[in-house]
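For the sequence shown, this note's numbering assigns the number 8 to the initial residue and increments by one for each residue that follows.
Ideal placement from N, C-alpha and C gives every residue a C-beta, glycine not left out.
Notes to accompany the following structure.
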Amino acid sequence: MYDTDTLLGNGHAENASLKRLRGKPSDGPVSRYLNRPLSVRLSRQFAKFPITPNQISTLSFVLCLLAAWLLATGKYMTLALGGLLAQFASVIDGCDGEIARLKSQESDFGGWFDAVLDRYADAFLLFGLTWHAYSTIGAMPDRIATLVGSSAAAVVLIVGFLAIIGSFMISYTADKYDGLMKSRFSKGHNIRIGRDTRIFLILLGTVANLPFATLLLLAIVMNVETIRRVFVSYVDESHSLERMPGKPRILEFP
């Protein structure tokens, strides 16, 4: 528990408290090395105002909606600006939990509310990117146009759909997977692929003006990672059952 008045009135206490906020064991590489150092600095400023964690979650969501609208337009500058704004919203998204801990305002509803908004935000961002790729099919680089062939429109929509599904499944499998890998994360023995990585890839892809290639990469990475998590969880559960011979084996693939 943190005393907010003491925190804001004592520089040493503030620095010590903020230092403890720098990262969670399950943070992905982008959160650990880019987002979290920035969000902690922003949280230092947010803590001076009567702003709640849920309001910060809502702010991040609104920024994502604006970013999605920018991504959907057919111009490169707005595409790149949308990617930058999405990344900034991702940084802001880390502040809600930090403020909740700094002001002792943590709640089950707050964490759930943030997760719900994140799923909506992800869908809007990927739909915006899909819309951009669909509306600019004629401007695709020659190599990509050759890859998708004459059914470019259908391919773009399918890839966009798979990217959205992959993002949802990555989030859906996060709780069980993070719990399973908790000890490995804490020892730095694993790299977690999650929302921070997904949005950073959107940033890179939009700045490089490769919307379809970005969607394709996200569709592959997110769905392959989901399948890997299922396999890892299955193997771990199987080993756990083997170590308990008296317990009936119930985890079997059809």
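Pairwise C-alpha distance: residue j and residue i
{"i": "residue 140", "j": "residue 126", "result": "21 Å"}
{"i": "residue 87", "j": "residue 244", "result": "43 Å"}
{"i": "residue 94", "j": "residue 41", "result": "10 Å"}
{"i": "residue 129", "j": "residue 50", "result": "23 Å"}
{"i": "residue 16", "j": "residue 35", "result": "Any answer about residue 16 is weak, because its pLDDT of 49 lies below 50 and its placement is not dependable; what the coordinates show is given next. Cα to Cα, the separation comes out at about 32 Å."}
{"i": "residue 175", "j": "residue 119", "result": "15 Å"}
{"i": "residue 4", "j": "residue 162", "result": "There is no way to answer for residue 4, as the model of the chain reaches only from 8 to 261."}
{"i": "residue 205", "j": "residue 57", "result": "31 Å"}
{"i": "residue 237", "j": "residue 44", "result": "31 Å"}
{"i": "residue 241", "j": "residue 112", "result": "36 Å"}
{"i": "residue 14", "j": "residue 63", "result": "Note that residue 14 scores a pLDDT of 48, beneath 50, so its modelled location is shaky; the value from the coordinates is reported in the next line. Those two C-alpha atoms are separated by around 20 Å."}
{"i": "residue 90", "j": "residue 209", "result": "6 Å"}
{"i": "residue 76", "j": "residue 66", "result": "16 Å"}
{"i": "residue 134", "j": "residue 228", "result": "17 Å"}
{"i": "residue 106", "j": "residue 52", "result": "10 Å"}
{"i": "residue 121", "j": "residue 172", "result": "19 Å"}
{"i": "residue 221", "j": "residue 136", "result": "9 Å"}
{"i": "residue 81", "j": "residue 217", "result": "12 Å"}
{"i": "residue 182", "j": "residue 71", "result": "23 Å"}
Helix, strand or coil at residue i according to DSSP, with G and I counted as helix
{"i": "residue 56", "result": "coil"}
{"i": "residue 112", "result": "coil"}
{"i": "residue 199", "result": "coil"}
{"i": "residue 34", "result": "coil"}
{"i": "residue 65", "result": "helix"}
{"i": "residue 241", "result": "helix"}
{"i": "residue 215", "result": "coil"}
{"i": "residue 221", "result": "helix"}
{"i": "residue 204", "result": "helix"}
{"i": "residue 233", "result": "helix"}
Buried versus exposed, by CB contacts within 10 Å (16 or more), residue i
{"i": "residue 231", "result": "exposed"}
{"i": "residue 97", "result": "buried"}
{"i": "residue 12", "result": "Only weak support is given to the placement of residue 12: the predicted model assigns it a pLDDT of 46, under 50, and the question is left unresolved by the model."}
{"i": "residue 234", "result": "exposed"}
{"i": "residue 226", "result": "buried"}
{"i": "residue 219", "result": "buried"}
{"i": "residue 55", "result": "exposed"}
{"i": "residue 60", "result": "buried"}
{"i": "residue 84", "result": "exposed"}
{"i": "residue 160", "result": "exposed"}
{"i": "residue 212", "result": "buried"}
{"i": "residue 184", "result": "buried"}
{"i": "residue 110", "result": "buried"}
{"i": "residue 116", "result": "exposed"}
{"i": "residue 186", "result": "exposed"}
Host alpha helix (DSSP H) of residue i (start-end)
{"i": "residue 179", "result": "159-179"}
{"i": "residue 85", "result": "83-100"}
Residue i at chain B interface by Cβ criterion, 8 Å
{"i": "residue 228", "result": "No chain B appears in this structure, which consists of one protein chain only."}
Note to self: What ranges does the alpha helix (DSSP H) occupy inside the region 112-146, keeping only unbroken runs of at least 4 residues that lie completely in it?
What the structure shows: 115-142
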